[in-house]
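Residue numbers (my numbering): 909 to 1155. A virtual CB, placed ideally from N, CA and C, is assigned to each residue, including glycine. Here the structure comes first, spelled out in structure tokens, and everything after it is commentary.
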């Protein structure tokens, strides 16, 4: 079958997870600044406990309900966990600081991504499908622009905008419908079997699982076994696979 569109995951496929510690420090500092205005204090242990609980809240919605909470929703959970009573202005400031942390301390593009995107976009339409966390699609678009890869993509599906996350069909069809492509004429590239690969295969898309990010902390303990059509450890391999199935 022909390939008309290639859809690509964001985290641990295009970008790695580096600078995560720095982003958390930046988030904590933004909270501490606002907490001081309440004449309260926040220890590192308390912050880490709240962060762990917030990600557990996020993961429950993501994996069990196919949605990612809005950034403001996750931050509100975080604040409620710490029993913080911020003003609306303080709340908005913290939400923005949490969101922009990915621009202040950005992750790195995975080796070979710019060259691969330049090559693939000359032959196929590319779509971005991303499950978002503290940083919404507007911020991730900006990161893509700053790293000079935004121009390679023709359509975007961010979970904070579509209100669903992978493997929900809408996450993929948002891009495929915009690009007027049937699922069977598309290939998805992503790193997580139970979200990226499961959603693509359920729609009869072909799927490449990327396993080349050494910073990845993907979920490994799952009862869901979804086989990708191919696995690749580098973007060089991905381009080679695409070329082989289209020649």
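Three or more Cβ pairs closer than 8 Å define a contact, and the segment 1035-1042 meets that threshold against the segment 909-916. Below 8 Å, too few C-beta pairs join the segment 996-1004 and the segment 951-971 to call them touching: fewer than three.
A Cβ-Cβ distance of about 15 Å is found for the pair residue 1137 and residue 910, leaving them out of contact under the 8 Å criterion. In terms of CA proximity to residue 1011, 931 leads the group 1041, 931, 981, 1111. In this structure the segment 966-982 lies against the segment 1062-1069, because at least three pairs of beta carbons, one per stretch, are closer than 8 Å. Residue 1149 is not a Cβ neighbour of residue 1024, given a cutoff of 8 Å.
For the segment 996-1050, the full-length beta strand (DSSP E) segments reaching 3 residues or more read 1033-1038 along the chain. For residue 946 and residue 1123, the gap between their C-alpha atoms comes out near 37 Å.
Exposed is the label assigned to residue 1054, since fewer than 16 other Cβ atoms lie within 10 Å of its Cβ. Counted as a single uninterrupted DSSP element, the stretch harbouring residue 927 is not any alpha helix (DSSP H), since DSSP gives it neither H nor E.
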